[in-house]
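Here the structure is laid out as structure tokens; the discussion comes afterwards.
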Amino acid sequence: MSVDVTRGGLLVGLAIVGVIVYELRTVLDALGLSLPIVPYLAGVFVLAGAAVWVVILTGGWRTEADETD
10 MSVDVTRGGL LVGLAIVGVI VYELRTVLDA LGLSLPIVPY LAGVFVLAGA
60 AVWVVILTGG WRTEADETD
């Protein structure tokens, strides 16, 4: 099995997920449930590491363009 993903695509996806999670944290803070930032940051780094690990285990990065003639 090969994951067809580029580094840029993975980074953009992680950035989008990180922003969504941060905004949820902000909404919870506005509702009175204050959450510390350190576990959030640790979670983002763990998510990024797990995503890179899965890509490496399933065949690595896509480095050349698909040539379908």
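The number in the numbering used here is simply the position in the sequence shown, starting from 1, with 9 added. Cβ atoms here follow ideal geometry from the backbone N, Cα and C, with glycine treated the same way.
Separation of the CB atoms of L44 and L50 is rounded to 11 Å, and the pair is thereby denied contact status at 8 Å. In this chain, P45 is not harboured by any alpha helix (DSSP H), its DSSP state being neither H nor E. In the three-state scheme derived from DSSP, where H, G and I count as helix and E and B as strand, T35 is classed as helix.
Counting only residues of its own chain and dropping the five nearest sequence neighbours on each side, L56 has no CB closer than 6 Å to any other CB.
With a threshold of 16 other beta carbon atoms within 10 Å, V21 falls short and is exposed.
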